[in-house]
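Structure record follows, encoded as structure tokens.
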Amino acid sequence: MSFSTFAQHEKYYPDTDVKIQNRLEEWRDLKFGLLMHWGPYSQWGVVESWSICPEDLSWAVGGQKKEVADNYFDYVKAYENLQTTFNPTKFNPEKWAAAAKYAGMKYMVFTTKHHDGFSMFDTKYTDYKITDKKTFVDFTHKQVNELVTGYGQVDILWFDGGWVRKTTDEEVKKYLADTSEGSRWARNPQNQDINMAGLVKEVRAKQPNILVVDRAVEGPEQNYLTPEQQIPAEPIADPWETCMTMGNSWSYVPNDVYKPAKEIIEKLVDIVSKGGNYLLNIGP
Numbered sequence: 012m013s014f015s016t017f018a019q020h021e022k023y024y025p026d027t028d029v030k031i032q033n034r035l036e037e038w039r040d041l042k043f044g045l046l047m048h049w050g051p052y053s054q055w056g057v058v059e060s061w062s063i064c065p066e067d068l069s070w071a072v073g074g075q076k077k078e079v080a081d082n083y084f085d086y087v088k089a090y091e092n093l094q095t096t097f098n099p100t101k102f103n104p105e106k107w108a109a110a111a112k113y114a115g116m117k118y119m120v121f122t123t124k125h126h127d128g129f130s131m132f133d134t135k136y137t138d139y140k141i142t143d144k145k146t147f148v149d150f151t152h153k154q155v156n157e158l159v160t161g162y163g164q165v166d167i168l169w170f171d172g173g174w175v176r177k178t179t180d181e182e183v184k185k186y187l188a189d190t191s192e193g194s195r196w197a198r199n200p201q202n203q204d205i206n207m208a209g210l211v212k213e214v215r216a217k218q219p220n221i222l223v224v225d226r227a228v229e230g231p232e233q234n235y236l237t238p239e240q241q242i243p244a245e246p247i248a249d250p251w252e253t254c255m256t257m258g259n260s261w262s263y264v265p266n267d268v269y270k271p272a273k274e275i276i277e278k279l280v281d282i283v284s285k286g287g288n289y290l291l292n293i294g295p
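For the sequence shown, position 236 (counting from the first letter as 1) is numbered 247 according to my numbering, and the numbering increases by one without interruption.
Written as structure tokens, this is what we have:
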């Protein structure tokens with residue numbers, strides 16, 4: 012069993028909107044959800060997004076697909092070209108939904124866009140690049156508004172950390188100076204403040220009850236806390252959810268080692284007994 016002192020390091024900012032408070036209570040009653048990392052990278056069976064980073068990936072399950080290219084730049088090009096062969100005609104969402112329901116899962120979080128920038132929905136905005144120009148902010152706002160307008164009710168907007176951060180240009184330059192040459196930050200130093208408060212306001216004008224989880228920056232746009240791959244040692248009074256992989260990888264990797272059912276059930280009981288939700292990930 013994995014425990015942590017997560018609650019001691021994370022500050023929670025309650026939303027004062029009664030509608031959001033009520034929606035949170037409904038969400039807390041769901042207890043068990045499915046997280047799904049899925050994208051073109053699944054064709055190779057490599058770790059999602061991170062294999063195109065030039066740093067040492069010894070920590071990442073799956074790593075790079077070495078036989079694809081003999082240098083980093085050709086590898087990235089081949090990775091980005093995966094979109095041309097990604098045609099999952101045999102994907103059966105009904106079967107996945109039935110399996111999740113049978114397991115007792117009551118909600119789902121899906122990676123509509125991971126760190127590599129590939130959108131897993133029929134967006135009109137197909138830019139792969141993430142920059143610190145105003146166009147990036149506009150692009151992000153348009154995509155999120157598109158999601159909450161054209162795809163029915165959306166219960167949760169779940170923003171993972173790493174691609175959005177509130178950083179001044181001076182801080183970016185300092186970080187760049189402190190970062191070794193050739194790293195992904197040195198290649199693309201980004202100040203990616205997407206004006207989350209403004210984005211949430213836009214989204215809730217369309218879907219007033221939607222929950223928002225900004226995992227990058229603590230604050231009022233984080234409606235519940237999200238310890239990753241860990242379970243707090245003590246109960247937490249604030250709304251929280253542990254996201255955890257069923258195997259070792261977030262995305263599909265051949266021959267991954269999956270947790271036995273007994274361990275998963277024990278974790279579910281432990282998390283729920285401490286007031287949390289269990290978001291269990293598996294990658295098609």
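Each residue gets a CB set at the ideal place from its N, CA and C atoms; glycine is no exception. All figures in this text were calculated on a predicted structure; none of them were measured in a lab.
Shown here, Trp55 sits in coil according to DSSP, grouped into three states, outside any helix or strand. The C-beta separation of Ser262 from Val87 comes to about 17 Å, leaving the pair out of contact by the 8 Å criterion. Below 8 Å, enough C-beta pairs join the region 284-293 and the region 251-259 to call them touching: three or more. Within 10 angstroms of the beta-carbon of Glu232 lie 16 or more other beta-carbons, which makes it buried.
Beyond the five residues adjoining it in sequence on each side, Gly44 comes within less than 8 Å, by CB distance, of Met116, Lys117, Tyr118, Met119, Val120, Glu252, Asn288, Tyr289, Leu290 and Leu291 in the same chain, given in chain order. Nearest in C-alpha terms to Asp133, of all of Ala110, Phe102, Lys212 and Tyr162, is Tyr162. In the DSSP assignment, Gly44 forms a beta bridge with Tyr118 and Leu290. Annotated three-state conformation of Thr256 is strand, per DSSP. Distances from the alpha-carbon of Leu210 to those of Glu105, Val228, Val148 and Thr237 put Val148 closest. Spanning the alpha carbons of Glu78 and Phe129 requires a straight line of approximately 23 Å. For Ile221 against Leu158, the beta-carbon gap comes to about 10 Å, at or over 8 Å, which does not count as contact. When the Cα atoms are used, Lys42 and Tyr235 turn out to be separated by approximately 13 Å. In the structure shown, Trp49 falls within a coil segment according to DSSP collapsed to helix, strand and coil. Relative to Gln54, the option among Lys30, Pro271 and Glu91 whose CA is nearest is Glu91.
Listed in chain order, the non-local C-beta contacts of Glu213 below 7 Å within the same chain comprise His152 and Asn156, local neighbours out to five positions each way being set aside. Annotation: His126 to Val283 spans about 30 Å, alpha carbon to alpha carbon. Boundaries of the beta strand (DSSP E) around Leu222: Leu222 to Asp225.
A residue is called buried once 16 or more other Cβ atoms fall within 10 Å of its Cβ, and Pro265, having fewer, is exposed. Per DSSP, reduced to three states, the secondary structure at Gln233 is strand. Following the DSSP letters along the chain, one finds Met131 in no alpha helix (DSSP H), marked with neither H nor E. Note: Lys124 is bridge-paired with Ser130 in the DSSP secondary-structure output. The beta carbons of Asp40 and Gln32 sit no closer together than 8 Å. Around the beta-carbon of Gly50, 16 or more other beta-carbon atoms lie within 10 Å, marking it buried. The three-state reading of DSSP puts Trp261 in coil, since its state is none of H, G, I, E or B.
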